[in-house]
Every structure is written in C-alpha cells, then in structure tokens.
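Below: the structure, in structure tokens.
Protein chains: 2
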Amino acid sequence: MRPRIRLLIGDAVALGPGKASLLEAIDDTGSIAAAARSMGMSYGRAWQLVQAMNGDFRAPLIERVAGGRGGGGAALTDLGRDALARYRAMEVQADAAVSDALDQFTELLKNPP
Amino acid sequence: MRPRIRLLIGDAVALGPGKASLLEAIDDTGSIAAAARSMGMSYGRAWQLVQAMNGDFRAPLIERVAGGRGGGGAALTDLGRDALARYRAMEVQADAAVSDALDQFTELLKNPP
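In order, the protein sequences belong to chains A and B. Heads up: take any position in the first sequence, counting from 1, add 59, and you land on our numbering. Heads up: take any position in the second sequence, counting from 1, add 59, and you land on our numbering.
Okay, structure coming up:
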C-alpha cells in the first residue's frame with residue numbers, strides 16, 4: 060500500500076480521481092446504476108457526476124444505450140474513452156516523475172507503507 | 060488549469076492540496092485560526108487537519124508557540140517545513156511531466172481555460 064498520486068485537473072471540476080473511476084466502472088458494467096453500486100456510490104451522485112462530465116466536455120463522455128437487462132444502459136463515447144485514457148496516461152507520467160521523491164517522502168511518515 | 064497531486068496512504072490523504080495550503084497559511088499567519096480564516100475554512104476543520112498531519116508523520120508538522128497577539132500561535136516545525144517543501148517540489152515535477160499532455164487534454168473541454 061504505497062502512497063499513490065492522484066491527478067486533479069484544476070480543482071477536479073473537469074476530471075478527477077472519482078470521475079475517472081466512475082468512467083471505468085461504467086465501461087465495465089454498462090450502466091450508471093451498476094457502476095455506482097460497484098463503487099459504493101449513490102445513484103444520484105453518479106448521475107450528477109455523469110451530467111457534469113457531459114456538460115464540461117465539448118461532447119458527452121457517457122451516452123445511453125438501448126438493450127441490456129434493465130432495458131437500457133450506458134456506455135462511454137469515443138470522447139469518453141479518449142478522455143479517460145489521457146487522464147490515466149497523465150497519472151502514469153506524473154507518478155514516474157515523482158517516484159524517487161515520493162519514496163523519500165514516505166520516510167517522513169510515522170507508518171511508512 | 061494545472062494538475063495537482065494528492066499523496067494517499069490507503070484512503071487517507073497524508074498531504075494534499077488542502078493540507079499543503081493550510082501549512083503555508085499557518086506559516087504566513089502564525090496561527091491556525093488566522094490561517095483558517097484566510098482560507099475560508101472553519102477553525103474546527105483546520106484543527107482537524109492539523110491533528111491529522113501531526114499524527115500521520117513521524118513527528119508533528121505544526122507546533123504551538125508562545126506569544127503573539129492572541130497569547131499564542133502556531134508555527135511549522137522543521138519537519139513541517141521539509142514536508143511542505145518536498146510536496147511543492149513534487150507538484151512542480153509532476154506539473155512539468157504532464158504539461159504537454161495537459162495542454163492537449165484541455166482541447167477536449169467545452170470551455171478550455
């Protein structure tokens with residue numbers, strides 16, 4: 060359990076750790092409700108984040124899709140997939156950049172991981 | 060719009076943007092109350108963050124000091140100063156690492172900054 064980096068873009072208004080995880084969960088489960096459940100998040104909160112993301116980007120990141128057990132679900136758009144991939148790539152880049160400094164930083168902690 | 064780092068221990072944030080800003084404000088103002096005011100944060104919340112930081116590191120980051128208008132204040136310890144400086148350095152490193160990718164990312168936004 061090593062300290063990990065979370066990249067916040069601005070104040071995470073556009074995309075942050077929670078929203079990135081939600082995008083991934085929607086991609087995995089095919090529905091906003093199932094994604095919310097898998098994250099222990101309320102449906103209302105997940106819906107709110109989806110609406111925010113769809114509004115903040117130049118086109119929606121998540122779209123409704125027909126079919127599925129519940130009579131319909133949700134999926135990432137191409138832009139959603141692109142935004143998520145770019146976000147994760149930036150996390151990796153940032154992680155690599157501070158890796159050594161982070162190792163040294165953990166020595167300041169009472170209980171280093 | 061710049062990336063910000065959060066250093067996480069498990070689910071707890073040992074040091075993140077809010078705590079780093081609080082450390083700086085305490086350093087600037089010489090008191091937890093004044094620091095909280097300058098950030099628009101309640102005193103109770105600031106005190107809670109101070110307690111958390113003092114407990115998570117191998118020694119306190121913030122200490123009480125005698126004197127001052129209110130009959131006493133707070134100051135960063137050497138460890139507090141060190142932790143803050145290392146955190147800011149990691150922010151700069153991460154910032155530089157993702158700078159180009161972040162510029163490209165902003166083009167996905169409806170209203171790029």
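Idealized CB from N, CA, C, for every residue including glycine.
Secondary-structure assignment with DSSP links R65/A through a beta bridge to R65/B. When the alpha-carbon of P171/B is set against those of A73/A, I64/A, R65/A, L67/A, the nearest one is in A73/A.
According to the DSSP secondary-structure assignment, G132/B is paired through a beta bridge with V124/B. Linking A95/A to A105/A through their CA atoms gives a straight-line distance of about 6 Å. Close to K169/A, with beta-carbon spacing below 9 Å, are these residues of chain B in chain order: G114, D115, F116, R117, A118. Contact between the region 137 to 151 of chain A and the region 146 to 165 of chain B is present, with at least three C-beta pairs closer than 8 Å.
For chain A, the residues of the region 147 to 162 of chain B that bring a beta carbon within less than 9 Å of one of its beta carbons are A148, M149, E150, Q152, A153, D154, A155, A156, V157, A160, L161, in chain order. Counting the other CB atoms within 10 Å of its CB gives R117/A a total below 16, which places it among the exposed residues. Within the region 130 to 172 of chain A, complete beta strand (DSSP E) segments of at least 3 residues are found at 132 to 135, given in chain order. Chain A has no Cβ within less than 7 Å of the Cβ of R104/B. Annotation for S97/A: A84, T88 place their beta carbon closer than 7 Å to its own, counting only its chain and skipping 5 residues before and after. L74/B sits in a strand when the DSSP states are folded into three classes.
Within chain B, the residues placing a beta-carbon under 7 Å from that of A73/A are L168, ordered along the chain. Within chain A, the residues A160, Q163, F164, L167 have their CB atoms less than 8 Å from the CB of R145/B, given in chain order. Rounded to the nearest whole angstrom, the CA to CA distance from A93/A to L81/B is 38 Å.
Of the candidates L138/A, M100/A, V124/A, L138/A places its Cα closest to the Cα of G114/A.
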